[in-house]
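Student: Yeah, the sequence shown ends on 272 if you go by this note's numbering, and it's all consecutive. Ideal placement from N, C-alpha and C gives every residue a C-beta, glycine not left out.
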Amino acid sequence: MFGRAQIKAIPLMLLVFVLTGLPAYAQNWQEFKRQHFIIYYKKAPYDFVETVYEMAEEYYVEITHNLGFTRYKGWNWEDRAKIYIYDSMEDYVESGKQAGWSAGSAYPADRTIRTFPSSHGFFDSTLPHELGHIIFREFVGFKAQIPAWFEEGVAMYQEKAKRWGAHDVVRKAIEDGTFVPLPELTITNVSYRASADLVNLFYAESASIVNFMINELGDQRFVYLCRKLKDGEPFPWVLDSVYSRLKNIDDLNEAWVKYLKNE
Ligand SMILES: [Zn+2]
Numbered sequence: 010m011f012g013r014a015q016i017k018a019i020p021l022m023l024l025v026f027v028l029t030g031l032p033a034y035a036q037n038w039q040e041f042k043r044q045h046f047i048i049y050y051k052k053a054p055y056d057f058v059e060t061v062y063e064m065a066e067e068y069y070v071e072i073t074h075n076l077g078f079t080r081y082k083g084w085n086w087e088d089r090a091k092i093y094i095y096d097s098m099e100d101y102v103e104s105g106k107q108a109g110w111s112a113g114s115a116y117p118a119d120r121t122i123r124t125f126p127s128s129h130g131f132f133d134s135t136l137p138h139e140l141g142h143i144i145f146r147e148f149v150g151f152k153a154q155i156p157a158w159f160e161e162g163v164a165m166y167q168e169k170a171k172r173w174g175a176h177d178v179v180r181k182a183i184e185d186g187t188f189v190p191l192p193e194l195t196i197t198n199v200s201y202r203a204s205a206d207l208v209n210l211f212y213a214e215s216a217s218i219v220n221f222m223i224n225e226l227g228d229q230r231f232v233y234l235c236r237k238l239k240d241g242e243p244f245p246w247v248l249d250s251v252y253s254r255l256k257n258i259d260d261l262n263e264a265w266v267k268y269l270k271n272e
C-alpha cells in the first residue's frame, strides 16, 4: 500500500526490511495492542489512539447488549479486532482504497475496521457503526444472505443520534415522494457512483426500519430473527416465521410506513 508520494521511499524501506527483518509495509504502521483490539496508526497522537481503544471497549459491551446478543462470545488475543487509523481522509481514500463519501469501512471476516479521525462524528458515529457491522456479522455468520439495508440498519442503530433522527428523514421522503419502498431498497445498489441524496436516503431508511423492527416489533423477536438468519434461512422466510402478521417484505414495508404516518 504505497501512495504516490511514497514511491521514492521504497528503496530505503527495502533496506530497512533487510536490516530489521520486518516486511516493508509494516514500517508504515505503529501498533497499540490490548486484549480485544489491536489499533494500527501512523501519525495519530497517542492519546487519540488510547481514546479510540477505550471507546471501542465500551461499544463492544454496549453493542452486544443492545442487539440482545447476550450469548455472544467475544474476541481475545489471536482473534482480536484490528482498527486501522489512517492519517487523513486523503490517506484513507488513496492508500486505503475507499469511497470518498465513507468515513470508515468494516471487513467482518478479518475483524478489521479502516477509518480516519474525521473532524466530527468519529467517536459517536464511525466507531460504533463499524463495530456494529463486525459484531453483527460474527453473530449471524458469513453464510447468511441479508439485505444491505438490514445490515446497514443494524450498524446505524449503534449511532444514537442517527437512530432517532432517521424516522423524520423518512417521513419527509414519504411526503415529498422520494421514499424508496423496502422491496426496491432491497435491490438498490449504493456504490461509489450513487448520488449523495440516494446514499443519504438509503442509510436513513435502513436506520429507520431496523429501529422500527427492534423497538416496535420487539427486541426478543429481533434476536430470534438474527438466530434464524444464522441458521442459513433466507431473509423472506425468516420474516414469515418470526412475525406472524408479516408474510413478506411488502408486508414489513406496509407496517413500517403505517407506523411512521401515525406516530
Ligand atoms: Zn455501514
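#1: Report buried or exposed for Pro-32, applying the criterion of at least 16 other Cβ atoms within 10 angstroms of its Cβ.
#2: So does Glu-168 have its beta carbon nearer than 6 Å to some heavy atom of ligand 1?
#3: If you run the structure through DSSP and keep just helix, strand and coil, what is Arg-123?
#4: Quick check: what's the CA-CA separation for Met-98 versus Ser-127?
#5: Touch check for the stretch 164-173 and the stretch 131-140: three-plus C-beta pairs under 8 Å?
#6: Would you call the stretch 181-196 and the stretch 227-242 in contact, with 3 or more CB pairs under 8 Å?
#7: Taking Trp-38 as the reference, give the member of Pro-54, Ala-264 and Gln-44 with the closest Cα.
#8: Does at least one heavy atom of ligand 1 sit under 6 Å from the Cβ of Glu-161?
#9: Do Ala-90 and Arg-120 count as a contact pair if the criterion is CB distance below 7 Å?
#10: What number of angstroms, rounded off, separates the C-alpha of Lys-106 from the C-alpha of Gly-113?
#11: Is Ala-203 near ligand 1, judged by its Cβ being under 6 Å from some heavy atom?
#12: Mind listing, in chain order, the continuous beta strand (DSSP E) runs of no fewer than 3 residues lying wholly within the stretch 204-247?
#13: Assign Arg-123 to buried or exposed, taking buried as 16 or more other Cβ atoms, counted over all protein chains shown, within 10 Å of its Cβ.
#14: Select from Leu-140, Val-70, Val-266 and Phe-151 the residue whose C-alpha is nearest the C-alpha of Ile-183.
#15: Can you give me the start and stop residues for the beta strand (DSSP E) that Gly-113 sits inside?
#16: Nearest to Ala-205 by alpha carbon, out of Gly-150, Val-58, Gly-109 and Asp-240?
#17: Any chance the CB of Ala-175 is under 6 Å from a heavy atom of ligand 1?
#18: Grab me the residues of Ala-264's own chain with a C-beta within less than 6 Å of its C-beta, minus the 5 sequence neighbours each way, in chain order.
#19: Starting from Lys-91 and walking both ways along the beta strand (DSSP E), at which residues does that stretch end?
#20: Run through DSSP, which three-state label would Phe-41 get?
#21: Consider the C-beta atom of Ala-118 and the heavy atoms of ligand 1; say whether any pair is separated by less than 6 Å.
Tutor: According to the structure data:
#1: Low confidence applies to Pro-32: its pLDDT is 44, below 50, so where it sits in the model is not reliable enough to give any reading.
#2: No, the beta carbon of Glu-168 sits no closer than 6 Å to any heavy atom of ligand 1.
#3: Here Arg-123 sits in strand by DSSP.
#4: Rounded to whole angstroms, Met-98 to Ser-127 spans 7 Å at the Cα level.
#5: Result yes; three or more Cβ-Cβ pairs closer than 8 Å.
#6: No, they do not touch.
#7: The shortest C-alpha to C-alpha distance from Trp-38 to any of Pro-54, Ala-264 and Gln-44 is the one to Pro-54.
#8: It does: the Cβ of Glu-161 is within 6 Å (strictly closer) of some heavy atom of ligand 1.
#9: Result yes, Cβ atoms of Arg-120 and Ala-90 sit closer than 7 Å.
#10: Cα-Cα distance, rounded: 11 Å.
#11: Checking every heavy atom of ligand 1 against the Cβ of Ala-203, none is found closer than 6 Å.
#12: Qualifying beta strand (DSSP E) stretches: none in this window.
#13: Counting Cβ neighbours within 10 Å, Arg-123 comes out buried, since at least 16 surround it.
#14: Distance from the Cα of Ile-183 is smallest, within the candidate group Leu-140, Val-70, Val-266 and Phe-151, for Val-266.
#15: Counting along the chain, the beta strand (DSSP E) containing Gly-113 begins and ends at 113-116.
#16: Closest option to Ala-205, Cα to Cα, is Gly-109.
#17: No - ligand 1 has no heavy atom lying nearer than 6 Å to the Cβ of Ala-175.
#18: Hits under 6 Å: none found.
#19: 90-94 is the extent of the beta strand (DSSP E) around Lys-91.
#20: It is a strand residue.
#21: Checking every heavy atom of ligand 1 against the Cβ of Ala-118, none is found closer than 6 Å.
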